[in-house]
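A short write-up of the structure that comes next.
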Amino acid sequence: MFRFARIENQWIKNTFNRWFVKKYQVDLAQAQREKIEDYQSFNDLFTRKLKPNLRPQGAGIISPVDGTVSQSGSIINGDLIQAKGKKFSLKALLGNQQSFQNFATIYLSPSDYHRIHAPLDGKLLKMDYIGGKLFSVNNKTSNSVDNIFARNERVICYFDTYTIVLVGAIFVGSMDTVWHGQVTPPYGKKLCIDYQDKNITLKKGDELGRFNMGSTVILLSITNKFDLQVGQALKMGQSLSA
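365 is the number of the first residue of the sequence shown in the working numbering; add one for each residue after it.
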């Protein structure tokens, strides 16, 4: 799928892109390029940019993506809620012991805008890549596959004001950040990069990265509480503050 998504043959990419837009009801009226033929490949369509000023910023911490709230709440005894009756550990998710108080898990559907933005002003401290499975991430698998977010491949971006986890899913296996470029592939099981001396800072709303196919983000915070409901639709820039 990684190679197919980058095919630039006119007939192949236009045919597939038309099918995709129709099947998932993608709203290209919000995109900078509204015509399917203007996209060089499926990946180019999938990672499309929005028109300027289409996502106003709310107060406090904001949603980093367009998507749907999968779960949200407090991290209790080191555990996060995955689905009703299912939990997974923060340590398993991050691959190390960290202290966070609150979380929000946001699912991006195929039709959503797939660029990720900074939810707060922040300085990048480090980035970890942890290899893993590529289970499909949706309501069905979240309810049936134990520890799915801690088993799928993921990129963890630690900032001084928040941490955001980009979780891979079926056919994904490729995530980009604005400071590193393509993170996966080609790396192996784990990659850790310290950025504390690089002075990389992002303002709230700045582009942080993108999924080259759809997936899920998990936002972690020590101080910010989230006022969210399971199933709630979000737009990037929408306030998450309680």
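Where is the CB? At the ideal position from N, CA and C, for every residue including glycine. Note that this is a predicted model, so its numbers are computed, not measured.
Residue i vs residue j beta-carbon contact at 9 angstroms
i	j	result
residue 495	residue 554	yes
residue 584	residue 528	yes
residue 468	residue 501	no
residue 453	residue 443	yes
residue 397	residue 403	yes
residue 599	residue 510	no
residue 437	residue 445	yes
residue 530	residue 518	yes
Residue i in three-state terms, based on DSSP
i	result
residue 513	helix
residue 596	coil
residue 392	helix
residue 525	coil
residue 505	helix
residue 587	coil
residue 382	helix
Identified DSSP bridge partners for residue i
i	result
residue 580	471, 531
residue 554	494
residue 541	545, 573
residue 565	487
residue 520	492, 529
residue 500	In the DSSP output, where bridge partners are listed per residue, residue 500 has none listed.
residue 480	573
Whole-Å CB distance - residue i paired with residue j, under 8 angstroms assumed
i	j	result
residue 520	residue 458	6 angstroms
Segments assigned beta strand (DSSP E), at least 3 residues, entirely inside the segment 397-478: 431-438, 443-447, 450-453, 466-471
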